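Residue numbers (the working numbering): 51 to 371.
Backbone N, C-alpha and C fix where the C-beta goes; we use that ideal spot for every residue, glycine too.
The model shown is predicted, which means the values in this text are computed figures rather than measured ones.
One structure is given below, encoded as structure tokens.
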Amino acid sequence: MTVVRMGYVAMSVHLQNCSPSQTMTHARFKKLFDRDAAIRKLERIARSNVTNCLRLLKHNIAHDIAFFRLSSKLIPLANHMDLKGWNYIKSIKKELNDIESFLAKYKMRIDFHPDHFVLLNSKKVDILNQSIITLKMHRNLLTGMGIHPKHRCVLHVGGAYDDRDKALEQFIYNWGFVPVDLQEMIMLENDDKSFTMNDTLYLCEKLAIPIVFDYHHHLAHNDNHNWQEHWDRVVSTWDNSPLPIKMHISSPRSSDDFRAHADYIDAKMFLKFLREINGSVSIIDCMIEAKKKDDALFRLMKQLKHEDDVEIIDGASFKIH
DNA sequence: CGTGGTCAAGCGGTA
DNA sequence: TACCGCTTGACCACG
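What follows is the structure, given as structure tokens:
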């Protein structure tokens with residue numbers, strides 16, 4: 051038996067006017083004559099984003115959802131060079147504290163997935179440094195919300211740079227330049243173009259990083275279709291984590307556009323996967339990555355209800371027998 | 001008011 | 001080497 055808890059990404063299609071990713075582009079920022087006023091506007095946007103996050107968290111609790119990925123665009127231009135020295139955390143401290151109080155009352159697993167410009171295996175010092183700055187921002191937000199930062203940020207391995215093996219070794223080399231308090235935040239995910247499950251496991255085992263297995267990516271890109279062979283290794287990377295194992299679930303948009311995410315999750319494919327891992331872990335958190343966000347989660351729960359080996363626990367979790 | 005074009009970023013593929 | 005598409009939601013200028 052395995053308990054499955056489902057989560058979704060960043061925003062709800064059911065809540066109106068509740069974006070956590072409002073923004074101001076850098077081009078727009080530069081055009082504004084009064085810099086102080088421009089920064090105040092950035093702060094208003096950031097406050098609105100974090101406030102909307104709290105609304106999302108309340109929505110999640112109302113629907114039994116205990117697993118959620120926060121938007122990485124909460125603070126527009128937070129890590130832009132032109133805004134160096136801007137104390138963005140100070141301007142949203144109250145809103146972050148509100149989230150902290152909420153999370154003290156209602157348990158929820160909160161994650162980030164910094165965007166794919168965070169590259170820890172780049173040979174370019176500027177890109178590595180910019181990545182570190184972005185990770186610091188994520189850490190500031192987590193600690194600001196009272197969330198222990200360990201294993202909260204999912205990253206991809208990075209660029210292949212025409213030589214996957216060298217690129218993997220570069221990751222190991224660069225890892226030494228990443229501050230320990232940022233290292234501990236990180237999980238690594240197999241991607242759909244460059245680094246397979248096997249590549250990613252190599253790094254995860256060597257550097258003691260939990261792996262986030264993405265089943266869809268694996269189907270799109272692998273050097274050994276048989277993921278089951280390595281499943282025990284995946285589970286083992288979570289041995290030293292305070293959090294249960296987690297993975298990513300999405301479905302191909304179409305056979306022609308296989309790598310793109312579909313609106314909803316193919317329940318048959320999901321069940322087939324779960325039946326294979328059933329019993330290998332007592333609990334697993336599954337991040338639903340679908341265009342229709344929380345609606346995809348709700349639809350999936352409805353479909354699973356009819357399965358003989360599925361026992362519904364609440365609105366977003368179930369047991370598979 | 002609705003909407004096509006624009007914005008950011010770095011990689012990867014093509015010419 | 002230079003460009004474009006990818007990806008994402010939001011914003012903006014236009015009609």
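Checklist entry - What are the partner residues of L120, as DSSP defines its beta bridges? => result Counting from one through the first sequence, the residue named residue 120 turns up at place 70. The partner list for L120 (beta bridge, DSSP) reads F162.
Next on the checklist: Less than 6 Å between C-beta atoms, sequence neighbours within five positions excluded: which residues of the same chain meet that for D241?
Outcome noted: Against the first sequence, residue 241 aligns to sequence position 191. Once the five neighbours on either side are set aside, the close Cβ partners of D241 are H206, H267.
Item to check | Segment limits, beta strand (DSSP E) that includes E169 | outcome: Taking the first sequence and counting its residues from 1, the one referred to as residue 169 is at position 119. The identity of residue 169 in the sequence shown is Leu, whereas the question assumes Glu. Careful: L169 lies outside any beta strand (DSSP E) and carries neither H nor E.
Next on the checklist: Once DSSP output is grouped into helix, strand and coil, what is the label at N190?
Outcome noted: Translated into positions along the first sequence, residue 190 becomes position 140. It is helical.
Checklist entry - With 16 as the cutoff for other CB atoms within 10 Å, does M187 come out buried or exposed? => result Counting from 1 along the first sequence, the entry for residue 187 is found at position 137. So M187 ends up on the buried side.
Checklist entry - Between the region 342–361 and the region 107–123, do three or more beta carbon pairs fall short of 8 Å? => result yes
Next on the checklist: Along the chain, where does the alpha helix (DSSP H) containing E93 start, and where does it finish?
Outcome noted: By one-based count along the first sequence, residue 93 stands at place 43. First-last of the alpha helix (DSSP H) with E93: 85–112.
Checklist entry - So is G135 buried or exposed if we call it buried at 16+ other beta carbons inside 10 Å? => result Here residue 135 refers to the residue found at position 85 of the first sequence. By the neighbour-count rule (16 or more Cβ atoms within 10 Å), G135 is not buried but exposed.
Checklist entry - Three or more beta-carbon pairs under 8 Å between the region 164–178 and the region 197–211, yes or no? => result yes
Checklist entry - Between which two residues does the beta strand (DSSP E) harbouring S367 extend? => result The sequence position of residue 367 within the first sequence is 317, counting from 1. Taken as a continuous stretch (DSSP letters only), the beta strand (DSSP E) holding S367 covers 367–370.
Checklist entry - Is the region 84–99 touching the region 348–368 in the sense that three or more CB pairs, one from each, lie closer than 8 Å? => result no
Item to check | Segment limits, beta strand (DSSP E) that includes V204 | outcome: Locating residue 204 in the first sequence gives position 154, counting from the first residue. V204 -> beta strand (DSSP E) spans 203–206.
Item to check | Enclosing beta strand (DSSP E) for L350 [first to last residue] | outcome: On the first sequence, residue 350 is found 300 positions in, with the first residue counted as 1. Premise fails: L350 lies in the alpha helix (DSSP H), 343–354, not in any beta strand (DSSP E).
Item to check | DSSP state of T246 mapped onto helix, strand, coil | outcome: The sequence position of residue 246 within the first sequence is 196, counting from 1. Coil at T246, not helix or strand.
Checklist entry - Is DSSP giving R283 helix, strand or coil here? => result What you label residue 283 is simply residue 233 of the first sequence in a count that begins at 1. R283: helix per DSSP, three-state reduction.
Checklist entry - Touch check for the region 113–131 and the region 172–190: three-plus C-beta pairs under 8 Å? => result yes
Checklist entry - According to DSSP, is R78 helix, strand or coil? => result As a position in the first sequence, residue 78 is number 28, starting the count at 1. Helix at R78.
Next on the checklist: Could you compute how far the alpha carbon of I182 sits from the alpha carbon of Q233?
Outcome noted: Position 132 of the first sequence, counted from the first residue, corresponds to residue 182. Position 183 of the first sequence, counted from the first residue, corresponds to residue 233. Using only the alpha carbons, I get a separation of about 10 Å.
Checklist entry - Thinking just about the alpha-carbon of each residue, which of M297, V360, G365 is nearest to the one in R325? => result Reading the first sequence from its first residue, position 275 is the one you call residue 325. Closest option to R325, Cα to Cα, is V360.
Next on the checklist: Would H298 and Y252 be called neighbours here (beta carbons separated by less than 9 Å)?
Outcome noted: One-based indexing of the first sequence puts residue 298 at position 248. One-based indexing of the first sequence puts residue 252 at position 202. No, the pair does not count as a contact, with Cβ atoms beyond the cut-off.
Checklist entry - Can the beta-carbon of L146 be found closer than 9 Å to that of F79? => result Within the first sequence, residue 146 is the residue found at index 96, counting from 1. Within the first sequence, residue 79 is the residue found at index 29, counting from 1. Going by C-beta atoms, L146 is not nearer than 9 Å to F79.
Next on the checklist: According to DSSP, simplified to helix, strand and coil, what is Y252?
Outcome noted: On the first sequence, residue 252 is found 202 positions in, with the first residue counted as 1. Y252: helix per DSSP, three-state reduction.
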